[in-house]
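S.K.:
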Amino acid sequence: MPSITKAFILCVILCCSTFSHVWADEQSAATYMQSIKSERAKLRQFMQSFPKGGDLHNHLSGAVYAETMLDWAAEDGLCVFLETPSIGLDAAGDCSTNGWSSAGGVLLNANERRRIINALSVRSYHPELGWSGHDQFFVTFERMMVKPSRLADMLVAVSDRAAAQNIQYLELMQTPVLGELIGMLSAVELTGDPEKDYEILMHGPFGEAMPSLLENARKARRDAFEQRAKLQNCGEKQASVGCDVEIKFIHQVVREFSPAVVFAQIILGWELMADEDGSVGLNLVAPEDGYLALRDYTYHMQMIDYLYSAKGERNITLHAGELMLGLVRPKQLKFHIREAIEIGHAKRIGHGIAIAYEDDSAGLLQHMHEKSVMVEINLTSNDVILGVKGKDHPWSLYRDAGVPTALSTDDEGVSRIDLTYEYMRAVTEHGIAYEELKALSRNSIVYSFLPKPRKKELLDKLEHEFKMFEKQFD
Ligand SMILES: [Zn+2]
Numbered sequence: 038m039p040s041i042t043k044a045f046i047l048c049v050i051l052c053c054s055t056f057s058h059v060w061a062d063e064q065s066a067a068t069y070m071q072s073i074k075s076e077r078a079k080l081r082q083f084m085q086s087f088p089k090g091g092d093l094h095n096h097l098s099g100a101v102y103a104e105t106m107l108d109w110a111a112e113d114g115l116c117v118f119l120e121t122p123s124i125g126l127d128a129a130g131d132c133s134t135n136g137w138s139s140a141g142g143v144l145l146n147a148n149e150r151r152r153i154i155n156a157l158s159v160r161s162y163h164p165e166l167g168w169s170g171h172d173q174f175f176v177t178f179e180r181m182m183v184k185p186s187r188l189a190d191m192l193v194a195v196s197d198r199a200a201a202q203n204i205q206y207l208e209l210m211q212t213p214v215l216g217e218l219i220g221m222l223s224a225v226e227l228t229g230d231p232e233k234d235y236e237i238l239m240h241g242p243f244g245e246a247m248p249s250l251l252e253n254a255r256k257a258r259r260d261a262f263e264q265r266a267k268l269q270n271c272g273e274k275q276a277s278v279g280c281d282v283e284i285k286f287i288h289q290v291v292r293e294f295s296p297a298v299v300f301a302q303i304i305l306g307w308e309l310m311a312d313e314d315g316s317v318g319l320n321l322v323a324p325e326d327g328y329l330a331l332r333d334y335t336y337h338m339q340m341i342d343y344l345y346s347a348k349g350e351r352n353i354t355l356h357a358g359e360l361m362l363g364l365v366r367p368k369q370l371k372f373h374i375r376e377a378i379e380i381g382h383a384k385r386i387g388h389g390i391a392i393a394y395e396d397d398s399a400g401l402l403q404h405m406h407e408k409s410v411m412v413e414i415n416l417t418s419n420d421v422i423l424g425v426k427g428k429d430h431p432w433s434l435y436r437d438a439g440v441p442t443a444l445s446t447d448d449e450g451v452s453r454i455d456l457t458y459e460y461m462r463a464v465t466e467h468g469i470a471y472e473e474l475k476a477l478s479r480n481s482i483v484y485s486f487l488p489k490p491r492k493k494e495l496l497d498k499l500e501h502e503f504k505m506f507e508k509q510f511d
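In my numbering, the protein residues as written are 38 to 511.
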């Protein structure tokens, strides 16, 4: 027998046996998951180490738990306004003003500590008359204060938590510059024509300040990554598990401001996304049902569209359709997702809850399928903010239409969850089978904004992780 034929037969035997072995392991893991899916503790244990790829929709400030924020406030000499309660600085600057306490003092008072943890999250929260889950969720961001020097600590907190759940990659939304812009641009009026408005902004104080604003933003992130590596002992023997979690930033634009402040944030983001190690994408945040977010929605899309054509393409992901009937007028449910894709060039959509209310919803789903526009699914967030869960959630519409999706946390600290919990919800509330969980996990790398070669490396690593995970069920 020619040696090439022998080699072929040997390969067929070995490859087939290897393949059937891997397949058998996958089946065993799938069968085991089916058998324990109604036992929460066992499902948690199973899902904790299930390889989850990445978390692509994660707001850094909302990812930190309130207890951690309070510890940092105490160490940094910040105060707590007891009535709300919220973290901040009093007029005297030393927490001595009536109604204020030092954060350190609050830490040692069980009742005050309980109150502020609840105020900075949805812990213990139940919707009540005149104050919905939506209201409680978004108000937490007004009550938080973390010193900018804590950026590295935030990266440590989220990457250690991710590593413990077998997550390899995080795209974290973060707003690098905002305060200076509000002061600088509060009196600037724009015209509504993005081309003219770009010139107005660039020929005013913003254009002048842009190089230093960019340099400060770049330096803050560089320093934070260096500091993170030190805090986690990366590259050393006692390195933290979090070192292995790759982190990239999504430039987060807060849209509930005047057009000048929003456009300036987008322009800065466009520059930061051009850096080799800068932000990998851009997103617009703040409640989509806010007055300015609704009033200027199309205009915001046009700002992105202008920069996309005039200054070069970038990766865009947008919160769109994080709305529900009753929350806004019906006419506002009809176009946000479509405009985000067609004008805002979104490659990914965050939430997409209002898809069934969009004009030509079926046509839009088909378009998303054909263009592979991925939807970032945030099950707990949708439940808390919009009251949408289980069979009311439009996830099945996307899945049936062949639109890619991936699971993400949105704000794991505010919601008091983690990505493992979201995978559990996928199983218990949506009946997602094991093979589809793997596809969701792969999607979180495939639709990341990493360069192609890096994606390939992480996908190979993920397949290896799946093999290791499934061996347990041999
Ligand atoms: Zn979000």
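We treat Cβ as the ideally placed atom computed from N, Cα and C, and that holds for glycine.
1) Helix, strand or coil for I29 per DSSP?
2) State the CB to CB distance for the pair E359 and H388, rounded to an integer number of angstroms; the pair is presumed to be in contact (CB under 8 Å).
3) Determine the DSSP secondary structure at L207, reduced to helix, strand or coil.
4) Find the nearest neighbour of M505 within the set L80, F87, E76 and T68, judged by alpha-carbon distance.
5) Could you check which residue in V298, N352, I204 and L209 has the C-alpha nearest to that of P242?
6) Can you name the start and end residues of the alpha helix (DSSP H) that G5 belongs to?
7) What are the residues that DSSP puts in a beta bridge with C116?
8) Is A323 helix, strand or coil by DSSP?
9) So, are the CB atoms of S460 and L477 less than 9 Å apart?
10) Residues in its own chain within less than 6 Å of A103 by CB, not counting five upstream and five downstream?
11) State the Cα-Cα distance for the pair T417 and L456, rounded to the nearest angstrom.
12) At which residues does the alpha helix (DSSP H) containing Q85 begin and terminate?
13) Within 8 Å: the Cβ of V322 and any heavy atom of ligand 1?
14) When every heavy atom of ligand 1 is checked, does at least one fall within less than 8 Å of the C-beta of N419?
15) Just to confirm, is the Cβ distance from L321 to Q369 under 9 Å?
16) Taking only three categories from DSSP, how would you classify N95?
17) Near T442, what residues of its chain come up, given a Cβ to Cβ distance below 7 Å and the 5 sequence neighbours on each side ignored?
18) With a CB to CB cut of under 8 Å and the five nearest residues on each side skipped, what residues in its chain are close to L80?
19) Quick one: grab the DSSP three-state call for D62.
20) To the nearest angstrom, how far is it from the Cα of I124 to the Cα of L166?
21) With a threshold of 7 Å on Cβ separation, who are the neighbours of H337 within its own chain once the five nearest residues in sequence on each side are excluded?
22) In angstroms, rounded to a whole number, what distance separates the CA positions of V176 and I304?
23) Is G358 near ligand 1, going by C-beta to nearest heavy atom under 8 Å?
24) Please determine whether the Cβ atom of H96 lies at a distance below 8 Å from any heavy atom of ligand 1.
25) Is the beta carbon of E208 sitting closer than 9 Å to the one on L495?
26) Let me check understanding here. Comparing Cα to Cα, which of V421, V193, F174 and M405 lies closest to G439?
27) In whole angstroms, give me the CA-to-CA distance for A181 and M310.
28) Give the secondary structure of D437 by DSSP, where H, G and I count as helix, E and B as strand, and everything else as coil.
29) Could you compute how far the alpha carbon of I341 sits from the alpha carbon of D172?
30) How would you write the range of the alpha helix (DSSP H) that T465 sits in, first residue to last?
31) When every heavy atom of ligand 1 is checked, does at least one fall within less than 8 Å of the C-beta of H388?
32) Around the Cβ of A140, are there at least 16 other Cβ atoms within 10 angstroms (buried) or fewer (exposed)?
33) What residues match up with V290 in a beta bridge as DSSP calls it?
34) Can you find a CB in chain D that lies within less than 9 Å of the CB of H240?
35) Closer than 8 Å is the cut-off here; do at least three beta carbon pairs connect the stretch 247-267 with the stretch 182-192?
36) Confirm the yes/no value for this check: CB of M361, any heavy atom of ligand 1, distance under 8 Å.
M.R.: Answer, in terms of the structure:
1) Outside the modelled stretch of the chain, which goes from 38 to 511, sits residue 29, for which no answer is possible.
2) About 4 Å separates the two Cβ atoms, so the contact holds.
3) The DSSP-derived three-state label of L207 is strand.
4) In terms of Cα proximity to M505, the closest of L80, F87, E76 and T68 is F87.
5) The candidate whose alpha carbon is nearest that of P242 is V298.
6) The structure shown does not extend to residue 5, since the chain is modelled only from 38 to 511, so the question has no answer here.
7) DSSP output for C116 lists G125 and S139 as bridge partner(s).
8) DSSP places A323 in coil when its eight states are reduced to three.
9) Note that residue 460 is Tyr in the sequence shown here, rather than Ser. Yes.
10) Excluding sequence positions up to five before and after A103, its CB lies within less than 6 Å of the CB of I154, L157 and S158, all in the same chain and listed in chain order.
11) So the alpha carbons of these two residues sit roughly 10 Å apart.
12) R77 to S86 is the extent of the alpha helix (DSSP H) around Q85.
13) In this structure, the C-beta of V322 approaches ligand 1 to less than 8 Å from one of its heavy atoms.
14) Within the chosen limit of 8 Å, ligand 1 does not reach the beta carbon of N419 with any heavy atom.
15) The answer is no: Cβ separation not under 9 Å.
16) N95: strand per DSSP, three-state reduction.
17) Hits under 7 Å: M411, V412, I414, W432, Y435, R436, L477 and N480.
18) The beta carbon of L80 sits closer than 8 Å to those of M70, I73, K74, M461, V464 and T465, all from its chain and outside the five residues before and after it, given in chain order.
19) Correct three-state label for D62: helix.
20) Taking the straight line from one Cα to the other gives about 26 Å.
21) R292, V299 and L321, listed in sequence order.
22) C-alpha separation (whole angstroms): 27 Å.
23) Answer for G358: no, Cβ out of range of ligand 1.
24) Yes, since a heavy atom of ligand 1 falls inside the 8 Å radius drawn around the Cβ of H96.
25) With respect to L495, E208 sits apart: the two C-beta atoms are not nearer than 9 Å.
26) With distances taken between CA atoms, G439 lies nearest to M405 out of V421, V193, F174 and M405.
27) According to the sequence provided, residue 181 is Met. The question's Ala does not apply to it. C-alpha of M181 to C-alpha of M310: approximately 27 Å in a straight line.
28) When DSSP states are grouped into helix, strand and coil, D437 belongs to the helix group.
29) Going from the Cα of I341 to the Cα of D172 covers about 28 Å.
30) From DSSP, the alpha helix (DSSP H) with T465 extends over L456 to H467.
31) Yes, Cβ of H388 sits closer than 8 Å to a heavy atom of ligand 1.
32) With 16 or more other Cβ atoms within 10 Å, it is buried.
33) When DSSP reads this structure, V290 sits in a beta bridge with L321.
34) Here there is only one protein chain, and chain D is not present.
35) Yes, the stretch 247-267 touches the stretch 182-192.
36) For M361, the distance from the CB to the nearest heavy atom of ligand 1 is not below 8 Å.
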